[in-house]
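Colleague:
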Amino acid sequence: MPLARQLQRQYAPLPSQDTQKGTAEYALTTMDKLANWAHQGSLWPVTFGLACCGIEMMNTSMPRYDQDRLGIIFRASPRQADVMIVAGTLTNKMAPAMRQVYDQMPDPKWVISMGSCANGGGYYHYSYSVVRGCDRIVPVDIYVPGSKCHVTMGDKAYDITDFLDSHPGGKDLILEYGGKDITYILQNKGSHAHSEAAYDILEDYLIGLVATDKDVCELNQDNLAKGVPPGAFLRTGVASAEELSKDTDPDADYKTHKFLDLNKPLFLQVLFGGFSTEFYLEQVHRPRHYKGGDSAPIFGNFLEPLTKTPWWMIPLLWGPPVTYGTFIARDGCTSWAQVAAYWSFGLFMWSLIEYGLHRCLFHLDHYLADNSVAITAHFLLHGVHHYLPMDKYRLVMPPAMFVILALPFWMLAHTLFYWNWHVATAVYCGGVFGYIGYDLTHYFIHHCRLPSFYQAQKKYHLQHHFMDYENGYGITSRFWDRIFGTELTEPTSKVAKSI
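When we follow the numbering used here, the leftmost residue of the sequence shown carries the number 713, and every step to the right adds one.
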């Protein structure tokens, strides 16, 4: 800290010690002097919360951290602050305002850049609207690293977080270039020499390639020609889970894609549409949302109620038979522990059946026959769910379809456990209970706010709809996806998502 600043703090008089010239002047100046006196004893920051990171700054004033006890108080006016804390992604639109706030702060003043988004743009580094580091707008005195440290070299992106502590020059030197291109600094002998081994080590942390502005422009033009907005996934035309609930304009959608008119019953359109399998699969996996969250008509007549199933019907209809079957299974078992063991085995097997049905039956896309009957069957079985993923009355399995699919498994259970009918029934009841949990989970994932520990699974399944419908088949868990190599991987940026 400058010596003048220290002396000013040491000998600053109290407002009450300063002689006032009159009542009017006293009334006008006392509050200002009080603020300046308190200001000289501790840092008063002005926060520039650019995004959700600003919430963390609010938390520092809460009881857990209570920065007020140290005399640190956020000021609404930059003229009463000597520290600017930048948190969040700085956009080109906000940059002039940020510079203006900085210029209004009195000297001496400091700037703290907090987190990877402020340091270099973070995950939004390659967005056209983002400033790649607030130090391009204001001088930064202190960098607080984020959870990840990403750098680029040409068109390659690297995550060197794990290398920070191993860097011979110390991690602070690398953090200064977080979110930036390091080509120049690696070649600059004035810094310190980098051998070929340094480049080899860097390649170990390669996480992807960066699209150039020309690539992004060409991609967006191609996508727009296909009806895909910029930033969206090419195969689904959707960029995020939030867009799954965005109402579709039926007329504009039909005019653009020449597929189905949401204003008319869908069944006959699919059956007599004359669509090729390739065109059908391309379109049915592009999510739409019926106006107002209602259900689009499938038959449009007296059969329509058979296509709609409220979520509460599943436990109400199948819960009692499962309970009854479990109790009668006790008659042929030696103890309740044996019943529980076989019942749990059935529950575990359901998780595999859930994965197998979803992948090998519902997504039998590559083996779908090129005729209208097969396409219509696919649409009624599962295609309609991908076409209208947020239709709350078509998220759980209709009772008639469940009976058709469940009957073979009843026969299979009693074939495998032929020596004891009651054991087979216990296994089957455990499996059906697993199905009930699966259907309810599926509905809640789409339409309910889940506990924090299950938010990741909600996000995972919705990515199956808007990002990659050929992976991520697990609904209640991703266990079997990991076993069979179909687990979804999230892209690191929106630009990468479109590629």
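All C-beta atoms in this analysis are idealised placements derived from N, C-alpha and C, irrespective of residue type, glycine included.
Note that this is a predicted model, so its numbers are computed, not measured.
#1: Could you check if Glu908 is buried or exposed, using at least 16 other CB atoms within 10 Å of its CB as the buried criterion?
#2: Would you kindly work out how many angstroms separate the C-alpha atoms of Arg781 and Val823, rounded to a whole number?
#3: Using 8 Å for Cβ pairs, my map puts Val1212 next to Pro757. What's the rounded Cβ distance?
#4: Could you tell me how far apart the beta carbons of Gly1186 and Ser1056 are, in whole angstroms, since I believe they sit closer than 8 Å?
#5: Can the beta-carbon of Gly1146 be found closer than 8 Å to that of Leu1093?
#6: Would the beta-carbon of Cys829 fall within 8 Å of that of Gly800?
#7: For Gly1149, which residues of its own chain have a beta-carbon under 7 Å away from its beta-carbon, when the five flanking residues on both sides are left out?
#8: So, are the CB atoms of Ile1195 and Val1108 less than 8 Å apart?
#9: Give every residue of the same chain whose Cβ lies closer than 7 Å to the Cβ of Ser995, excluding the five residues on either side of it in the sequence, and list them in chain order.
#10: Give, in chain order, every unbroken run of the alpha helix (DSSP H) that is at least 4 residues long and sits entirely within the segment 788 to 868.
#11: CA-CA distance, Cys1160 and Gly1031?
#12: In three-state DSSP terms, what is Tyr1099?
#13: State buried or exposed for Arg712, treating a residue as buried only when at least 16 other CB atoms are found within 10 Å of its CB.
#14: Would you mind working out which of Ile854, Leu1069, Ala1053 and Thr989 sits nearest Tyr1140, comparing C-alpha positions?
#15: Looking at the structure shown, is Val1108 part of a helix, part of a strand, or coil, going by DSSP?
#16: Taking DSSP's pairing of strands, which residues face Pro757 in a bridge?
#17: Out of Phe1121, Val1051, Ile1087 and Ala1041, which has the shortest C-alpha to C-alpha gap to Met1061?
#18: Which residue's Cα is closest to the Cα of Pro999: Thr1201, Tyr1181 and Leu755?
#19: Using only alpha-carbon positions, find the residue among Gly1012, Val798, Gln812 and Thr759 that is nearest to Ala788.
#20: Might you give, ordered along the chain, the residues of its own chain that have their beta carbon closer than 6 Å to the beta carbon of Asp730, omitting 5 neighbours on each side?
#21: What residue does the alpha helix (DSSP H) around Leu1069 start on, and which one ends it?
#22: Using 10 angstroms around the beta-carbon of Lys1003, count the other beta-carbons present and answer buried if the total reaches 16, otherwise exposed.
#23: For Met1179 and Gly1044, what's the separation of their Cα atoms in angstroms?
#24: Per DSSP, Asp1082 is paired with what?
#25: DSSP state of Tyr738, grouped into three classes?
#26: Assign Leu918 to one of three DSSP states: helix, strand, or coil.
#27: Whose C-alpha, out of Ile913, Lys892 and Gly866, is nearest the C-alpha of Phe875?
#28: Among Phe1156, Asp965, Ser988 and His1075, which has the Cα closest to the Cα of Pro1022?
#29: Give every residue of the same chain whose Cβ lies closer than 8 Å to the Cβ of Ala910, excluding the five residues on either side of it in the sequence, and list them in chain order.
#30: How many Å lie between Met865 and Met806 at the Cα?
#31: Quick one: what's Asp893 bridged to in DSSP?
#32: Between which two residues does the alpha helix (DSSP H) containing Phe1014 stretch?
#33: Identify which residue in Leu1069, Phe1129 and Pro790 has its Cα closest to the Cα of Asp815.
#34: For Arg947 and His879, which I take to be in contact (beta-carbon distance under 8 Å), what is that distance rounded to the nearest angstrom?
#35: Can you tell me the Cα-Cα spacing of Trp1133 and His1075, whole angstroms?
#36: Counting only runs of 4+ residues fully inside the segment 944 to 1015, write out the alpha helix (DSSP H) ranges in chain order.
Modeller: This is what the structure holds:
#1: exposed
#2: 22 Å
#3: Because the chain here runs from 713 to 1211, residue 1212 falls outside it and cannot be looked at.
#4: Contact flag wrong, Cβ pair sits at about 19 Å.
#5: no
#6: yes
#7: Thr1188
#8: no
#9: Reading off the sequence, residue 995 comes out as Gln, not Ser. So the qualifying residues of the chain are His969 and Phe971.
#10: 807 to 816 and 828 to 832
#11: 21 Å
#12: helix
#13: Outside the modelled stretch of the chain, which goes from 713 to 1211, sits residue 712, for which no answer is possible.
#14: Ala1053
#15: coil
#16: Val795
#17: Phe1121
#18: Tyr1181
#19: Thr759
#20: For Asp730, the pLDDT reaches just 46, beneath the cut-off of 50, and the residue's location in the model is therefore unreliable, although a value from the coordinates is still provided. Here the set comprises nothing.
#21: Trp1048 to Leu1069
#22: exposed
#23: 48 Å
#24: According to DSSP, Asp1082 bridges with nothing at all.
#25: Low confidence applies to Tyr738: its pLDDT is 46, below 50, so where it sits in the model is not reliable, and the reading given next is rough at best. Reduced to three states, the DSSP call for Tyr738 is helix.
#26: strand
#27: Ile913
#28: Phe1156
#29: Leu898
#30: 27 Å
#31: Thr864
#32: No alpha helix (DSSP H) contains Phe1014, which DSSP labels as neither H nor E.
#33: Pro790
#34: Not quite, the Cβ-Cβ distance comes to about 40 Å (not below 8 Å), so this is no contact.
#35: 33 Å
#36: 962 to 969, 978 to 983 and 989 to 996
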